[in-house]
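Chemist: After the structure tokens below, expect a handful of questions from me.
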Amino acid sequence: MTVKKKTLSFDEELWSAVERRAREANTTPSAYVNELVAKSERLYRGLEAISDWESEHGALTADQLDWADRALADAQREAADGGESDDGKGTKA
Numbered sequence: 687m688t689v690k691k692k693t694l695s696f697d698e699e700l701w702s703a704v705e706r707r708a709r710e711a712n713t714t715p716s717a718y719v720n721e722l723v724a725k726s727e728r729l730y731r732g733l734e735a736i737s738d739w740e741s742e743h744g745a746l747t748a749d750q751l752d753w754a755d756r757a758l759a760d761a762q763r764e765a766a767d768g769g770e771s772d773d774g775k776g777t778k779a
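Our numbering applies: residue 687 is where the sequence shown begins, and numbers increase by one.
Spelled out as structure tokens, the structure:
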């Protein structure tokens, strides 16, 4: 990955938070901000994809949104458990 050095200005209080969070994550402020921007970009791309899909197929239904919420919750649990999947009965598969 190519890295570009840039000069950015931050509100003093916000920069203090960046430095604190970077220390807590055992990383540099630059790497911390880079990861935040990368996460934000993935979020925006996902929202754009949903908007594109809805413009072609119509708004997502409540059932589809409920399914998505469950799928995301399952994925978050799996990630927190170190990649082990849950069979839906509280036991590891």
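Backbone N, C-alpha and C fix where the C-beta goes; we use that ideal spot for every residue, glycine too. Small disclaimer: the values here were computed from a predicted structure and weren't measured.
Have a look at R742 and N712 and give me their C-alpha separation to the nearest angstrom.
Modeler: One-based indexing of the sequence shown puts residue 742 at position 56. One-based indexing of the sequence shown puts residue 712 at position 26. Per the sequence presented here, residue 742 reads as Glu, with Arg not at that position. Approximately 44 Å, taken between the alpha carbons.
Chemist: What did DSSP end up calling G732 once you bin it into helix, strand or coil?
Modeler: The sequence position of residue 732 within the sequence shown is 46, counting from 1. Of the three classes helix, strand and coil, the one that applies to G732 here is helix, per DSSP.
Chemist: Confirm, please, whether the CB-CB distance from F696 to V704 is below 8 Å.
Modeler: Your numbering for residue 704 matches position 18 in the sequence shown. Your numbering for residue 696 matches position 10 in the sequence shown. Their beta carbons are under 8 Å apart, which means V704 touches F696 by this criterion.
Chemist: What is the residue span of the alpha helix (DSSP H) that V689 lies within?
Modeler: One-based indexing of the sequence shown puts residue 689 at position 3. Segment: none, V689 is in no alpha helix (DSSP H) and carries neither H nor E.
Chemist: Once the 5 residues before and after T714 are set aside, which same chain residues still bring their CB inside 7 Å of it?
Modeler: For the purposes of this step, residue 714 is taken as the residue at position 28 of the sequence shown. Result list for T714: A708, in chain order.
Chemist: Along the alpha helix (DSSP H) that carries A761, what are the first and last residues, could you check?
Modeler: In the sequence shown, the residue the question calls residue 761 occupies position 75. That run of the alpha helix (DSSP H) goes 748 to 766.
Chemist: Quick one: Cα of E721 to Cα of A735, how far?
Modeler: Your numbering for residue 721 matches position 35 in the sequence shown. Your numbering for residue 735 matches position 49 in the sequence shown. About 21 Å.
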